[in-house]
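Chains as they are written, first to last, in this note's numbering: chain B, 241 to 673; chain W, 27 to 308; chain E, 25 to 315. Beta carbons are placed, not taken as given, at the ideal position from N, Cα and C, and that holds for glycine. Take a look at the structure below.
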């Protein structure tokens with residue numbers, strides 16, 4: 241009898257312990273974990289090729305990757321670092337840098353970067369500057385991207401438009417979109433994200449810039465997006481969706497990747513995109529470089545009357561979290577990732593835009609492999625970045641809400657933007673920097 | 027009763043209502059069921075088809091085998107968490123139910139009442155402090171953490187259930203065993219436990235369901251693929267897909283419903299009592 | 025009944041210890057945490073801020089606390105109302121002895137309740153899907169325009185309420201069936217013999233007797249619906265434009281998206297207070313063992 245009781249007790253205590261014990265086996269091996277965007281794991285480069293090279297030098301170190309979609313990437317980094325279970329290496333969207341840095345999620349890389357000869361100076365000045373928060377360097381740039389107009393030449397032909405003449409003005413954009421929209425075939429003229437993520441604001445900013453506006457004041461302390469330029473830019477989206485009915489109204493419920501998918505499945509004739517379609521059409525659609533050029537057109541975004549060419553950029557950095565037990569190893573690994581040759585392979589495959597001078601020097605390779613590289617190079621000098629401040633996530637939510645209010649007809653563009661500006665100013669008033 | 031005359035038109039209305047709501051109940055589930063066996067293009071085709079045109083098992087196979095889609099691991103994790111929850115709830119509520127039923131002690135009635143009170147405490151309202159405590163005490167992202175949380179979330183009510191169940195079992199048998207030289211604890215295990223088996227099964231199933239259907243706690247308290255249950259895996263899968271693949275979601279949903287439906291079929295009565303928090307005896 | 029308190033306490037120890045650790049202590053913690061500023065990325069650091077988190081609740085603009093409360097009230101009210109009405113209707117129908125297949129229907133109706141909330145969410149998301157969903161297909165059969173359902177700020181809340189009604193009807197059905205079964209059938213029979221009509225029977229006999237069961241359903245169902253999270257989160261995640269952001273979703277976002285754990289705790293306190301009110305009302309009316 242005593243034995244039965246004993247067994248019961250043993251079971252009670254051991255059962256749950258056994259469950260956890262199995263998972264966490266300690267060993268001699270060092271494991272570095274990396275939390276990166278899902279799409280960056282599609283090819284061997286840049287992460288796996290660098291990991292291979294790294295393990296030649298350090299055979300006892302293994303690197304594990306976790307690929308995450310856009311929204312999860314930010315939340316998961318916050319939660320796991322909060323839980324003291326953060327990864328060693330993280331991919332950071334440049335707009336999260338201030339937020340992550342001011343919450344001590346990332347470690348200072350300044351002295352480590354200085355220790356690698358030539359590394360800092362190889363970055364294009366504006367990118368080198370934007371890897372800092374409060375003067376401290378927190379990451380190494382991986383790649384950037386630039387918003388352009390993508391359009392489907394087959395659909396242009398079907399609508400009787402010249403496939404080599406993309407819309408150059410806002411008026412033309414509306415006019416073309418009307419011609420391209422065809423309810424019978426389910427084709428929409430122009431699509432843009434309107435879901436509750438930063439993408440919605442991000443794909444609106446180029447229109448704001450082109451009309452001469454900016455998001456915040458130069459010192460990032462006041463809202464500036466509710467200017468006349470902002471109202472014009474938002475009116476354009478409202479015209480497209482509500483007045484011309486050339487953009488699907490259910491965009492509010494459709495995530496950014498669904499929008500891309502609609503373009504890929506040829507349901508959207510034109511859209512604003514960062515240029516990842518090339519990889520999609522090549523890998524999933526089986527198109528060659530020339531077939532792609534014949535099917536998909538890429539052009540600078542149409543400009544408003546009296547406006548000038550402008551666009552927006554984003555991009556990703558590699559950084560190290562405070563939870564890393566081996567920050568030096570992790571840093572050495574990311575320097576291998578961003579190394580010119582290793583990264584160039586990825587950029588060419590993905591169609592992303594480089595941030596280092598040594599990579600731009602390989603322009604011929606990019607031109608012959610990335611179909612729209614010439615257009616990207618043309619607009620890149622006119623690109624702008626979103627404010628890298630810790631409050632950006634909250635500010636972005638306000639702007640997205642304003643865009644959504646206008647798109648659903650709940651408020652006029654001016655009123656929606658003014659209200660958002662008022663709230664953004666309240667958020668900025670509480671800043672701690 | 028049979029002699030009472032009821033207007034046939036009333037009967038027709040009654041049948042119509044009952045059948046109509048049966049259709050409403052079954053339609054969404056039927057939709058998941060057929061989509062499980064459809065090809066992806068058929069699933070989103072217009073007009074929708076009531077019966078799969080090309081019947082395929084590939085969605086179910088992909089769910090279990092393709093770890094990039096889903097894999098078997100999330101179901102295994104759910105199973106371990108749910109079984110752990112059941113073990114904890116069964117042990118705690120059998121002992122407590124027995125104690126409440128067979129012994130008299132100061133505070134007993136207050137404690138019994140507070141069990142029902144605790145049953146109305148929503149997990150959601152304590153999940154933030156639990157998150158913080160789990161991190162500090164290293165229970166974050168472990169099977170044990172989730173099993174303990176769910177086990178003791180279920181236990182107050184199941185203890186109350188066990189107390190009522192053991193109340194109906196005769197005490198004399200235990201007493202005669204004790205006269206034969208059995209210790210009280212031994213008498214409990216040898217005599218009462220087997221008799222209480224149906225009640226214990228009900229407890230196990232209620233606890234299992236609590237672990238199996240949980241989403242909220244797992245969303246906040248797990249992170250790694252080696253611990254997170256299928257509910258979270260499904261949520262992540264939907265998020266990671268550019269285009270939502272309804273066939274795979276349907277297949278996962280369909281698979282996940284099977285265990286609860288089977289246990290419901292077997293332990294219907296206990297289920298009903300359990301689901302209503304004991305307010306109704308079925 | 026044995027009178028050996030020490031042994032009795034021993035038996036209930038595992039339960040009491042577990043509940044103290046995993047329910048009571050977190051409740052105490054959440055009270056304490058709601059008076060502190062805590063950031064998600066540094067949970068061990070707590071700064072005392074007094075009532076600031078509660079003040080912050082009323083300052084938050086996106087969404088405002090009052091809109092969150094309104095949405096929660098609409099969600100709970102809409103769900104509970106239809107749960108009770110449909111549940112009562114079905115319970116009355118299934119209580120008719122002449123109806124064939126009563127057990128079958130009763131079990132069938134249970135299915136939505138035993139599945140998980142996230143499954144209910146995804147199932148209905150599929151039905152509401154604007155392009156491939158069956159609901160828009162039905163609208164097209166009636167030559168009505170297609171709707172965006174969960175993507176439309178006006179229709180999103182009704183959409184999640186519909187899904188939640190579907191899920192919760194079985195719950196009220198069980199309680200109300202239990203109520204109807206507790207009525208002595210002879211009462212009805214004698215009423216019929218006395219020539220009472222069905223409506224009269226319901227108004228004069230059935231309703232007064234199951235009134236307390238209706239109240240019970242209202243109380244328990246309100247308590248449950250108040251903290252529905254999984255269905256909403258999987259269907260709309262609180263959007264579009266915060267139009268489905270109930271307290272539960274609001275709490276999640278403040279705590280885990282914006283990292284304001286202290287503020288999240290104060291929202292937990294609101295949920296907790298409400299649960300407490302429900303529990304007290306429940307105990308007052310339906311204290312078990314009183315009957």
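- The bridge partners DSSP lists for residue 539 of chain B are B:389.
- The CB of residue 645 of chain B comes closer than 8 Å to the CB of 265 in chain E, given here in chain order.
- Residue ranges of uninterrupted alpha helix (DSSP H) with 4 or more members, entirely inside the stretch 493-563 of chain B and ordered along the chain, are 496-504, 517-523 and 529-535.
- When DSSP states are grouped into helix, strand and coil, residue 301 of chain B belongs to the strand group.
- For the C-beta of residue 67 of chain E, the chain B residues within less than 7 Å are, from N- to C-terminus, 322.
- For residue 591 of chain B, the CB contacts under 6 Å within the same chain, skipping 5 residues up- and downstream, are 515, 518, 519 and 610 in chain order.
- Sorting B:612, B:486, B:288 and B:582 by C-alpha distance to the C-alpha of residue 599 of chain B places B:582 at the top.
- In this structure, DSSP gives residue 430 of chain B an extended state, which the three-state scheme calls strand.
- About 10 Å separates the Cβ atoms of residue 186 of chain W and residue 137 of chain W, ruling out a contact at the 8 Å cut-off.
- The continuous alpha helix (DSSP H) containing residue 105 of chain W extends over residues 99-128.
- Around the Cβ of residue 303 of chain E, a 10 Å sphere holds 16 or more other Cβ atoms; the residue is buried.
- Comparing alpha-carbon positions, the option among B:623, B:392 and B:489 lying closest to residue 533 of chain B turns out to be B:392.
- The beta carbon of residue 46 of chain E does not come within 9 Å of any beta carbon belonging to chain B, so the residue lies off that interface.
- Between the stretch 76-85 of chain W and the stretch 167-181 of chain E there are fewer than three inter-stretch CB-CB distances shorter than 8 Å, so the stretches are not counted as touching.
- Residues of the stretch 241-270 of chain E with a Cβ closer than 7 Å to any Cβ of chain W, in chain order: 244, 247, 251, 253, 254 and 258.
- The Cβ of residue 96 of chain W sits no closer than 9 Å to any Cβ of chain B.
- Residue range 270-277 is occupied by the beta strand (DSSP E) that includes residue 276 of chain B.
- When Cβ-Cβ separations below 9 Å define contact, residue 308 of chain E makes no contact with chain B.
- A distance below 6 Å between beta-carbons, with the five flanking residues on each side excluded, links residue 165 of chain W to the following residues of its chain, in chain order: 171.
- Within 8 Å of the CB of residue 128 of chain E, no CB atom of chain B is found; the nearest one sits about 38 Å away.
- Nearest in C-alpha terms to residue 268 of chain B, of all of B:285, B:279, B:294 and B:302, is B:302.
- Secondary structure of residue 463 of chain B (DSSP, three-state): strand.
- Under the DSSP assignment, residue 366 of chain B falls in the alpha helix (DSSP H) whose first and last residues are 365-369.
- When DSSP states are grouped into helix, strand and coil, residue 332 of chain B belongs to the strand group.
- At a Cβ-Cβ threshold of 9 Å, residue 569 of chain B and residue 298 of chain B count as neighbours.
- DSSP, reduced to helix, strand and coil, places residue 596 of chain B within a strand of the structure shown.
- The three-state reading of DSSP puts residue 263 of chain E in coil, since its state is none of H, G, I, E or B.
- Flagged as an interface residue toward chain W: residue 312 of chain B, by a C-beta distance shorter than 9 Å.
- Here residue 200 of chain W is buried: its Cβ has 16 or more other Cβ atoms, across all protein chains shown, within 10 Å.
- The beta carbons of residue 132 of chain E and residue 48 of chain W sit about 6 Å from each other, so the pair counts as a contact at 8 Å.
- For residue 71 of chain E, the enclosing beta strand (DSSP E) stretches over residues 66-72.
- Interface flag for residue 181 of chain W against chain E is set, since a Cβ pair is found closer than 9 Å.
- Under the Cβ criterion (8 Å, minimum of three pairs), the stretch 440-452 of chain B counts as touching the stretch 468-477 of chain B.
- Residue 229 of chain E and residue 200 of chain E do not touch by the CB rule: their CB atoms are close to 15 Å apart, not below 8 Å.
- Put simply, of W:202, W:167 and W:197 the residue whose alpha carbon is nearest the alpha carbon of residue 247 of chain W is W:167.
- Look at residue 59 of chain E here: in three-state DSSP terms it is coil, with no helix or strand label.
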